[in-house]
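Enquirer: Handing you this structure, nothing more for now.
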Amino acid sequence: MSVKARQRSGWSLAFIVVVVVSLVPVFWLLMLSLKTPASATDGSFIPHHWTLDNYRDIFKQSVFTAALRNSIGIGLISTALAVLLASSAAYAIARLDFPGKQTILAVALMVTLFPQVSLVGPLYNLWRQIGLFNTWPGLIIPYLTFALPLAIYVLSTFFREIPWELEQAAEIDGATPFQAFTKVIAPLAMPGLATTFIIVFLICWNDFVFAISLTATNAAMTVPAAIAQFPGVSQFTQPIGDIAAAAIVVTVPVMVLVLLFQRRIVAGLTAGAVKG
Amino acid sequence: MAEIALEHITKRYGDGFEAVKDLNLDIADGEFMILVGPSGCGKSTALRMVAGLEDITGGELKIGGQVVNDKTPKDRDIAMVFQNYALYPHMTVRENMGFALKLAKTPQDEIDKKVNEAARILDLEQHLERKPANLSGGQRQRVAMGRAIVRNPSAFLMDEPLSNLDAKLRVQMRTEISRIQQRLETTTIYVTHDQTEALTLGDRIAVMRAGELQQVGPPSELYGRPKNLFVAGFIGSPSMNFLGGELDGDNVKLPIGELRIPDVLRGRLQSGPGGGRGGVIVGLRPEDFEDAQLVRDKSRGITFTAKIDVLESMGSEFYAYFNLESEKVSSKELDELAHDAGAADLPTQAGSQVVARLEAASKVRQGEEVELWFNSEHLHLFDPETGKSLLGADSGNGGSTPPASSDPSQT
Chain A
1456 MSVKARQRSG WSLAFIVVVV VSLVPVFWLL MLSLKTPASA TDGSFIPHHW
1506 TLDNYRDIFK QSVFTAALRN SIGIGLISTA LAVLLASSAA YAIARLDFPG
1556 KQTILAVALM VTLFPQVSLV GPLYNLWRQI GLFNTWPGLI IPYLTFALPL
1606 AIYVLSTFFR EIPWELEQAA EIDGATPFQA FTKVIAPLAM PGLATTFIIV
1656 FLICWNDFVF AISLTATNAA MTVPAAIAQF PGVSQFTQPI GDIAAAAIVV
1706 TVPVMVLVLL FQRRIVAGLT AGAVKG
Chain B
-10 MAEIALEHIT KRYGDGFEAV KDLNLDIADG EFMILVGPSG CGKSTALRMV
40 AGLEDITGGE LKIGGQVVND KTPKDRDIAM VFQNYALYPH MTVRENMGFA
90 LKLAKTPQDE IDKKVNEAAR ILDLEQHLER KPANLSGGQR QRVAMGRAIV
140 RNPSAFLMDE PLSNLDAKLR VQMRTEISRI QQRLETTTIY VTHDQTEALT
190 LGDRIAVMRA GELQQVGPPS ELYGRPKNLF VAGFIGSPSM NFLGGELDGD
240 NVKLPIGELR IPDVLRGRLQ SGPGGGRGGV IVGLRPEDFE DAQLVRDKSR
290 GITFTAKIDV LESMGSEFYA YFNLESEKVS SKELDELAHD AGAADLPTQA
340 GSQVVARLEA ASKVRQGEEV ELWFNSEHLH LFDPETGKSL LGADSGNGGS
390 TPPASSDPSQ T
């Protein structure tokens, strides 16, 4: 066997190991969600009795349907706001030279390094005082706070890669700075915007710390928090099947999102703008 | 259509660096003006100031008689062709070319008409629905031109538009640009570092060095009567040979012998250092040499012998290189030219290497001692201290006003 072939088979092996390690838990979760509540803890990997009861069950519970609605709503609003604000900020950071630019980036980085847990306590008290506890804005605000710096970082990198000449060309063609941004830069930054959208949405979608602390009822509780609150069929049964089914359900939107945007992310949209 | 006037234009950056120093230039309506100079001479900065992409630190910029210093690019009615074309990659060729008109809210049928017309001129008709990524370099360049043409602006600004093309295509596009400019008669400022492009394209050429304007004039004037060492060395290919010489009244002593300054030059000779005496730098263009055997009337020049080190055949002509025993002339301007040409990477030679252009009929051989002749009527003399030409212009000094011949509309 040549060195190259050996190298390749080594890589294949490593690749298989990684895929198995990361997919087995998901697969196990899927199997678990297809078992009947009684056989959930029987120790076998493949269900003896295949059933969709768990899925029917969770969609009958208002805890889950409300949480799903909250998760989607809060996630989309936070993400849209974050991408909108971050793209303006990142554009300015990439293009303009203004005093305090470095400071802004440094502060933004500091925010992302801040441990969320240390904020939860004060926020809980504050939100209760000003009436934001257990509301959508009550979650959107902290999500924005943590997502924005990251979004600004990712987007400013993308904006820097767009040749400045394109904007100057647009300017000479008679575009206002706003038109240059919306008609030339934004379409070219689509892969960047899509990437940022996914990252921010995942942050909001997966968050547990804020969700469990700053919400209490169906009015604002998101799925990760709601799953922890699932009632069992009776006082003495664990809602394992329900939890597994809910976990599978919330994984689906994420997968759809990634698959939807993946082409845009991969596509090198700026090809042909300038030579080389 | 408009004339462009740069009056005492200065660009100073935050760190105090002056990219453009007190630039004065009048560009007539319909004129093709070339800004040429080595990299970093301020020519692109000057162009970008005219475009409005760069703030003007001092002086006044007038387009069509109006001061436009504080106007945004979109209010200056100019079109620009960028070095890397800057086509919008997400738009088709048609959309690229019509973008400016669309922003100006031109009716769609008029946009279509103008884009089709421009596409016809530029031979882009079959590519209108393609995206820039699917075009060749030359096609992209033409789209960039098209984008400028469709707007029918009062001026075209071109920033080294051909430098990204390969050599053969560059020559083709050069003629193309010249043809389009003559057809549209739009005032054009064209920036390049290539002296051949400058000579072939421009009605007039402005040579810049280190932010300062060196000389403005039609190509023949810059070639025939360079005002200083820098212009002399920059314009012409292969570039002018410089030798140390001794001026003594009407005679000048050169490493190739002593020659009398011809009458045609004597009238223009200004008193140099020491009142017509002393050291001078003599400039000899390669094309003013000839194989002595091919010259019938040798009286207008000087004949000398030299050993040819290298003979390059160009087919239509020979370039003969030989060395002369003489101190290598040095001047700040020449050093800069040599540096720009990358001469620092070459081994230094004793003496001065001279290149002569000989006719293809010449029988000279490499390594042989041959008789060469130099036409002394085309001698150039420079002050070694200031680098200025010692030969004054005898009729109008070419300055910043265009000669009547190149621009009939100006009286």
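Residue numbers (the numbering used here), protein chains in the order written: chain A, 1456 to 1731; chain B, -10 to 400. Where a beta carbon is used, it is the ideal one built from N, C-alpha and C, also for glycine. This structure is a prediction, so every number in the text was calculated from the model and none was measured.
When DSSP labels each residue in this structure, what does B:M22 get in the three-state scheme?
Expert: It is a strand residue.
Enquirer: Can you name the start and end residues of the alpha helix (DSSP H) that A:L1594 belongs to?
Expert: Element bounds for A:L1594: 1591 to 1616.
Enquirer: Hey, how far is the Cα of B:F6 from the Cα of B:S28?
Expert: So the alpha carbons of these two residues sit roughly 16 Å apart.
Enquirer: Residue range of the alpha helix (DSSP H) that B:M86 falls in?
Expert: That run of the alpha helix (DSSP H) goes 82 to 92.
Enquirer: Please list the residues of the region 1613 to 1624 of chain A that have a C-beta atom closer than 8 Å to any C-beta atom in chain B, keeping them in chain order.
Expert: For the region 1613 to 1624 of chain A, which is checked against every Cβ of chain B, the residues closer than 8 Å are P1618, E1620, L1621, Q1623, A1624.
Enquirer: Going along the chain, which unbroken runs of the beta strand (DSSP E) with 3 or more residues stay wholly within the region 166 to 222 of chain B?
Expert: Here the runs fully enclosed are 176 to 181, 193 to 198, 201 to 206.
Enquirer: With distance defined between alpha-carbon atoms, name the residue in B:A349, B:L370, B:D155, B:G26 nearest to B:H125.
Expert: In the sequence on display, residue 125 of chain B carries Ser and not His. Checked all of B:A349, B:L370, B:D155, B:G26; the closest Cα to B:S125 is B:D155.
Enquirer: Go ahead and label A:A1635 buried or exposed: buried means 16 or more other beta carbons lie within 10 angstroms of its beta carbon, across all protein chains shown.
Expert: Counting Cβ neighbours within 10 Å, A:A1635 comes out buried, since at least 16 surround it.
Enquirer: Have a look at B:S341 and A:V1609 and give me their C-alpha separation to the nearest angstrom.
Expert: If you take the alpha carbons of B:S341 and A:V1609, they lie about 58 Å apart.
Enquirer: I need the boundaries of the beta strand (DSSP E) containing B:M69, first residue and last residue.
Expert: Here the beta strand (DSSP E) through B:M69 covers 67 to 70.
Enquirer: Does A:W1582 pass the burial test, meaning 16 or more other C-beta atoms within 10 Å, or should it be called exposed?
Expert: Label assigned to A:W1582: buried.
Enquirer: Any C-beta of chain A within less than 7 Å: which residues of the region 80 to 102 of chain B qualify?
Expert: Result list: F88, A89, L92, A93.
Enquirer: For B:I67, which residues in chain C fall below 9 Å Cβ to Cβ?
Expert: The structure shown contains no chain C; its protein chains are A and B.
Enquirer: State the start and end residues of the unbroken beta strand (DSSP E) segment that holds A:T1651.
Expert: Careful: A:T1651 lies outside any beta strand (DSSP E), inside the alpha helix (DSSP H) at 1645 to 1661.
Enquirer: Whose CA, out of B:R140, B:H367, B:A(-6), B:A40, lies closest to the CA of B:R249?
Expert: If we check each option's Cα against that of B:R249, B:H367 comes out closest.
Enquirer: Would you mind sorting A:W1483 into buried or exposed? The rule is 16 or more other CB atoms within 10 Å of its CB.
Expert: Label assigned to A:W1483: exposed.
Enquirer: Alpha carbon to alpha carbon, how far is B:L313 from B:F219?
Expert: Roughly 22 Å separates the two Cα atoms.
Enquirer: In whole angstroms, what separates the C-alpha of B:R198 from that of B:H182?
Expert: Straight-line Cα distance between these residues: approximately 11 Å.
Enquirer: Cβ closer than 8 Å: which chain A residues qualify as neighbours of B:P251?
Expert: Residues of chain A passing the Cβ test: none, with the nearest at roughly 49 Å.
Enquirer: Does the region 72 to 79 of chain B touch the region 1621 to 1628 of chain A, meaning 3 or more C-beta pairs lie closer than 8 Å?
Expert: At 8 Å Cβ cutoff, the stretches touch.
Enquirer: Taking DSSP's pairing of strands, which residues face B:L380 in a bridge?
Expert: BP columns for B:L380 point to B:L258.
Enquirer: Taking all protein chains shown into account, decide if A:L1523 is buried (16 or more other Cβ within 10 angstroms of its Cβ) or exposed.
Expert: So A:L1523 counts as buried.
Enquirer: Could you tell me if B:V343 is buried or exposed, where buried requires 16 or more neighbouring beta carbons within 10 angstroms of its beta carbon?
Expert: Buried, since its Cβ has 16 or more Cβ neighbours within 10 Å.
Enquirer: In angstroms, rounded to a whole number, what distance separates the CA positions of A:L1536 and A:F1656?
Expert: Each residue's Cα considered, the two are about 11 Å apart.
Enquirer: With C-beta atoms as the reference, is B:G26 less than 7 Å away from B:V196?
Expert: Contact flag set, yes.
Enquirer: Just mark A:G1498 as buried or exposed, buried being the case when its beta carbon has 16 or more other beta carbons within 10 Å.
Expert: Answer is exposed; the Cβ neighbour count stays below 16.
Enquirer: Hey, how far is the Cα of A:L1715 from the Cα of A:G1530?
Expert: Their Cα atoms are separated by approximately 17 Å.
Enquirer: So, is the C-beta of B:F145 closer than 7 Å to a C-beta in chain A?
Expert: No, because no Cβ of chain A sits closer than 7 Å to the Cβ of B:F145.
Enquirer: So, do the region 234 to 250 of chain B and the region 269 to 283 of chain B have three or more beta carbon pairs nearer to each other than 8 Å?
Expert: The region 234 to 250 of chain B is in contact with the region 269 to 283 of chain B.
Enquirer: Does the ligand NAD have a heavy atom nearer than 6 Å to the CB of B:I100?
Expert: What this structure holds is no ligand at all, so the ligand NAD is not there to describe.
Enquirer: Mapping DSSP to helix, strand and coil, what is B:G263?
Expert: Low local confidence applies: a pLDDT of 49 at B:G263 is under 50, so the model's placement there is unreliable, with the coordinate-based value given in what follows. Reduced to three states, the DSSP call for B:G263 is coil.
Enquirer: Skipping 5 residues on each side, what residues in its chain have a beta carbon closer than 6 Å to that of B:L158?
Expert: Cβ within range, chain order: G127.
Enquirer: Taking Cβ positions, are B:T46 and B:T(-1) nearer each other than 7 Å?
Expert: Yes.
Enquirer: So, is B:M134 buried or exposed, given that buried needs 16 or more other C-beta atoms within 10 angstroms?
Expert: The residue in question, B:M134, is buried, as its Cβ has 16 or more Cβ neighbours within 10 Å.
Enquirer: Determine whether the beta carbon atoms of B:S351 and B:D286 lie at a separation below 7 Å.
Expert: Cβ distance not < 7 Å, so B:S351 and B:D286 don't count as in contact.
Enquirer: Would you list, in chain order, the members of the region 14 to 44 of chain B that have their beta-carbon closer than 7 Å to a beta-carbon of chain A?
Expert: The region 14 to 44 of chain B vs chain A, Cβ under 7 Å: A40, L42.
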